[in-house]
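> Read left to right, the sequence shown gives residues -21 to -1, 1 to 608 (mature numbering (1 follows the signal peptide of the UniProt record, and there is no 0)).
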Amino acid sequence: MFQGLRNRCALACVFIAAVAAQTTVTVSGTASHPIPSTLFLQNRAFQQVTANTTAALYAWSAINNAAINVIADPVPVSSALPNSLQLTIPQGSTGQVGFGNEGYWGIKVDADWTYNASFYYKFPTSSSFEGSITVGLQSSTGQIYASAAVPISGSQTAWEQVAVSLKPSTSPTSTANNFTITVDGVSAAGQTIDFAMLSLFPPTFKNRANGLRIDIANTLYEMKPSFFRLPGGNNLEGQTTATRWQWNATVGALVDRPGRMGDWGYINTDGLGLLEYMYLCEDLELQPIMAVWAGYSLGGTSLAEDELWPYIQQAIDQINFVIGDPSESAAAALRASLGHPEPFTLNYVEVGNEDFFASTSYIYRWRDFAGNLTALFPQINFIATTYPFDPIIEPTPKQYDNHVYQTPTWFAENSFYYDSFERNGTYYFQGEYAAISTNATNLYGTVSEGRLMYPTMQSSSGEAAYMTGFERNADIVFAASYAPLLMNTADYQWTPNLVSFDAANVYPSTSYYVQQLFSINRGDEYLPSTLPDANGTVFWSVTRNVTAGEVLIKIANPVGTVSDLTFILPYTNVSPTGISTVLTGPETASNSPSTPDAVVPVTSTITTGATFNYTVPGYSVSVLTVKAS
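Laid out in structure tokens, this is it:
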């Protein structure tokens, strides 16, 4: 996930027989080109579920023989959320009676945190009941960690929102915990209460309302990325036109967001909507690369040209929501009303996603979308998503998005992929890439067939070899992002991913550390040097940070054989010592929940000078930093 400098088996057999070789790398002092810089409750609102079914209660359970059911509420909390959870307290009940939510495969309870809980409730028919609701956090066996009582009245027949704070008394090691809502069974026996839009939030990154989990956001922040691609790739498109991602359904009050069945087989609540994405970019100090839907859905349907205009208008409104003038655009005025009158930063917009699947219709879809959008937003770079120049489309794209999922071997063998691209004013975004399998004949198979569960040192060092080509070709490669970014280890649709997490912990992968090494060791300009052997086993890139007076040498070795390099720097004043940061481990080593820190970068001091030697470990990624002027 780096932009310029930052920011899907034959392999071992081919490379294992290689022998260590001495290579001399001579670095030019003249730069060839500059480097560009560029939560807790699951099924909380019963969105996109079928009322009166067991499936609609997913993640919810009854407490103490309560009767619970998801109903199609005749008076819903909003038109966007037609369902509610109906609680009936049986006659003869005693003790606390109600329901609980298990979270996303667990809830972390931390005594240092204050949790914000909220929900809507009403009585479907007026009653004389006067009592209280107890909101709590407790273990799956009933141990109470936090609770708060809220008075309620049976006369409340209109929806009322309740908000409480929960401060746990202890920090259990287990995440097998529940968020609970209960009433006294004796006094509430026979009562029926409806609930909607239930929410539980721990402290969030930068204290954003409806914000990000701190540990996940910090992990991303520590990678120092420069951009965030949103709202994703396939998830933009929808299986049908009706189920596409629509920006306007993801902004405003949470009760006004209907959610949708996402393209990866699970319900998207859209609590993380367009405004939250933009705040994410602000808080992580990066810029967005935003996509607009462009008339094609994953089910294979392309809209006819005479059907496009309403969707072009929706794209116009989406862009105006992000950067428009509130005095001139209703979408921009909406942004201002939500607390951000100033425009966000937006320099890049993708028109669709992977439109090489419908390249024939993209000829007119690109023409109509890009033509209209460019006329209104000439300052924005619009990125095409077909194969470069296949087909020929007008207006001629200045940027293309390229996606590739392959084996570690492929990435190592294609470190010169962009070197042959014509310098004709066209720029490239490596929008998705990852080494996902060691089986070139069945990339998308199972783990037993070679698919990687987590990135390994073999796959990550292969990716790093490919990434040296991004730096060498940064005059035309303006951005690149590993994909996918995040995976919940309890439920996933794709492997491997850059960062994995569960209810309590975050697990940065070996590929995460590769991305981080490239990102935090950025040069201002690329220094030509002796080129690696395209058919070799070690790859490098040399850049210079002019302000810091540093030469930065990145080296990838995607095989198990050690290589010896000699570097000759074109400077008279070179520090006798430098810094090496090395990520290395066995071929199949990976960071996982069972071995979260199996491979991490190690920093040490090395001997340097105008000429110096460096031994490159097998299956490694090294960054050498040398002061030189």
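Where a beta carbon is used, it is the ideal one built from N, C-alpha and C, also for glycine. This structure is a prediction, so every number in the text was calculated from the model and none was measured.
I'd like to know whether the C-beta atoms of isoleucine 372 and arginine 346 end up nearer to each other than 8 Å.
The Cβ atoms of isoleucine 372 and arginine 346 lie closer than 8 Å to each other.
> Is there contact between the region 55 to 64 and the region 157 to 177, where contact requires at least three CB pairs shorter than 8 Å?
yes
> How far does the beta strand (DSSP E) with leucine 116 in it reach, from first residue to last?
109 to 118
> Between glycine 238 and isoleucine 246, is the Cβ-Cβ spacing less than 8 Å?
Yes; because the gap between Cβ atoms is below 8 Å, this pair is in contact.
> Consult DSSP for serine 427 and reduce its assignment to one of helix, strand or coil.
For serine 427, the three-state secondary structure derived from DSSP is helix.
> Which value, in whole angstroms, describes the spacing of the CA atoms of glutamine 140 and phenylalanine 206?
37 Å
> Exposed or buried, which one is glycine 597 when buried takes at least 16 other CB atoms within 10 Å?
buried
> Excluding five sequence neighbours on each side, which residues of the same chain lie with their C-beta closer than 8 Å to the C-beta of serine 111?
Ala128, Val129, Pro130, Ile131, Val162, Asp163
> Please go through the same chain and pick out, in chain order, the residues whose beta-carbon is closer than 8 Å to the beta-carbon of valine 578, but skip the five residues on each side of it.
Met436, Thr489, Tyr492, Leu562, Thr563, Gly564, Ala568, Ser569, Asn570
> Below 8 Å, how does it come out for the region 509 to 516 and the region 209 to 221: are there three or more Cβ pairs, yes or no?
no
> Among Glu411, Pro210, Glu201, which one has its Cα closest to the Cα of leucine 263?
Ranking Glu411, Pro210, Glu201 by CA distance to the CA of leucine 263 puts Glu201 first.
> Here's the rule I'm using: 16 or more other beta-carbon atoms within 10 Å means buried, otherwise exposed. How should glutamine 378 be labelled?
buried
> Output the boundary residues of the alpha helix (DSSP H) element that contains aspartate 543.
Counting along the chain, aspartate 543 falls outside any alpha helix (DSSP H), though it belongs to the beta strand (DSSP E) covering 542 to 547.
> In this structure, does DSSP put methionine 202 in helix, strand or coil?
Three-state DSSP puts methionine 202 in coil, outside helix and strand.
> Roughly how many angstroms lie between the CA atoms of alanine 24 and asparagine 62, to the nearest whole one?
8 Å
> Identify which residue in Val301, Val328, Asp369, Asn43 has its Cα closest to the Cα of proline 320.
Val301
> Nearest CA to the CA of isoleucine 42: which residue from Phe158, Ala137, Ser559, Asn484?
Phe158
> Do tyrosine 343 and residue 658 count as a contact pair if the criterion is CB distance below 8 Å?
No answer is possible for residue 658: the residues shown for the chain start at -21 and end at 608.
> Name the one or two DSSP bridge partners that glycine 557 has.
Ile585
> Is valine 165 helix, strand or coil when you go by DSSP?
helix
> Taking just the CA atoms, how far does valine 517 sit from glycine 557?
21 Å
> Using a 10 Å radius around the Cβ and a threshold of 16 neighbouring Cβ atoms, would you call valine 581 buried or exposed?
In the assembly as shown, valine 581 is an exposed residue. Its beta-carbon has fewer than 16 other beta-carbons within 10 Å.
> Can you grab the Cα-Cα spacing for the pair serine 97 / glutamine 122, in whole Å?
21 Å
> Suppose only complete runs of 4+ residues qualify. What are the alpha helix (DSSP H) ranges in the region 395 to 456, listed by chain order?
Along the length of the region 395 to 456, whole alpha helix (DSSP H) runs at least 4 residues long occupy 436 to 451, reported in chain order.
> Around the C-beta of glycine 8, are 16 or more other C-beta atoms found within 10 angstroms, so that it is buried, or is it exposed?
Note on glycine 8: pLDDT 49, under 50, position unreliable in the model; no value is reported.
> Here's the rule I'm using: 16 or more other beta-carbon atoms within 10 Å means buried, otherwise exposed. How should threonine 551 be labelled?
exposed
> Could you check how far apart the C-beta atoms of asparagine 189 and glycine 250 are, in whole angstroms? I think they sit under 8 Å.
6 Å
> Flag this pair as touching only if the region 421 to 436 and the region 515 to 533 have three or more C-beta atom pairs under 8 Å; answer yes or no.
no
> Short check: CB of glutamine 170 to CB of serine 106, under 8 Å?
yes
> Am I right that proline 572 and threonine 468 are in contact with their C-beta atoms under 8 Å? What's the rounded C-beta distance?
Contact between proline 572 and threonine 468 is confirmed by a C-beta separation of about 6 Å, below the 8 Å threshold.
> Please report the straight-line C-alpha distance between residue 625 and aspartate 194, rounded to a whole angstrom.
Residue 625 is absent from the structure shown; the chain starts at -21 and stops at 608.
> My output table needs one value for arginine 223: the three-state DSSP class, helix, strand or coil.
coil
> Taking just the CA atoms, how far does valine 28 sit from alanine 45?
21 Å
> Check proline 289 in the structure and name its three-state DSSP category.
In this structure, proline 289 counts as helix in the three-state DSSP scheme.
> What's the call for serine 16, buried or exposed, on a 16-neighbour Cβ count within 10 Å?
With a pLDDT of 43 at serine 16, under the threshold of 50, the modelled position of this residue cannot be trusted, and the question is left open.
> Could you say which of Thr93, Leu464, Val530, Leu60 lies nearest to valine 602 if we only look at CA atoms?
Val530
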